[in-house]
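What follows is a set of notes on a single structure, which appears directly below.
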Amino acid sequence: MSKIAQIGNVRLIEISPDPEKANCELCGKFAELRPYGENGEKICTDCGKKNSLITRKQIYKTLLGLSEKEALEMAKKAEEEDGPLGGKTP
Ligand SMILES: [Zn+2]
């Protein structure tokens, strides 16, 4: 499991080199999970791609420590500029 620590303005994220696998809380698939579901559910990559905007928002909230509103605004901008997560790359 990854760990997050906040020290002043610096956020440290330790990503486990051997992530635990478990059953996705949305689709039930046994996979590597991340806590990026709409309500913090631990979800698989495929479920993360199903709602790209929400997944991005959750990533920004978790990794950057943004508020709900800030994370949503940043996610909307990224969706417009880069397209959805897991989509075609130019
Ligand atoms: Zn899933």
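Each residue of the sequence shown is one higher than the one before, counting from 27 in our numbering. Cβ atoms here follow ideal geometry from the backbone N, Cα and C, with glycine treated the same way.
1) I believe residue 82 touches residue 111 by the beta-carbon criterion, under 8 Å. Please report the beta-carbon distance rounded to the nearest angstrom.
2) For residue 106, count the other beta carbons within 10 Å of its own beta carbon; 16 or more makes it buried, fewer makes it exposed. Which is it?
3) Given this structure, state the Cα-to-Cα distance separating residue 99 from residue 44, to the nearest angstrom.
4) Considering only C-alpha positions, which residue in the set 64, 113, 76 is nearest to residue 94?
5) On the DSSP bridge list, what partners appear for residue 30?
6) For the beta strand (DSSP E) holding residue 68, just list the boundary residues, first then last.
7) Can you list the residues near ligand 1, meaning Cβ strictly closer than 6 Å to any non-hydrogen atom, in the order they appear in the chain?
8) Report the rounded CA-to-CA distance for residue 97 versus residue 61, giving the unit in angstroms.
Let me spell this out:
1) In the sequence shown, the residue the question calls residue 82 occupies position 56. In the sequence shown, the residue the question calls residue 111 occupies position 85. Going by Cβ atoms, the distance from residue 82 to residue 111 rounds to 6 Å, so yes, they are a contact pair.
2) Here residue 106 corresponds to residue number 80 of the sequence shown, with the count starting at 1. Exposed, by the Cβ-count rule.
3) Mapped onto the sequence shown, residue 99 falls at position 73. Mapped onto the sequence shown, residue 44 falls at position 18. About 32 Å.
4) Here residue 94 refers to the residue found at position 68 of the sequence shown. Comparing Cα-Cα distances from residue 94 to each of 64, 113, 76, the minimum goes to 64.
5) Taking the first residue of the sequence shown as position 1, residue 30 is located at position 4. DSSP output for residue 30 lists 39 as bridge partner(s).
6) Indexing the sequence shown from 1 puts residue 68 at position 42. Here residue 68 belongs to no beta strand (DSSP E), and DSSP marks it neither H nor E.
7) Spelled out in chain order, the answer is 50, 52, 53, 55, 69, 70, 72, 73.
8) Reading the sequence shown from its first residue, position 71 is the one you call residue 97. Reading the sequence shown from its first residue, position 35 is the one you call residue 61. For residue 97 and residue 61, the distance between alpha carbons rounds to 15 Å.
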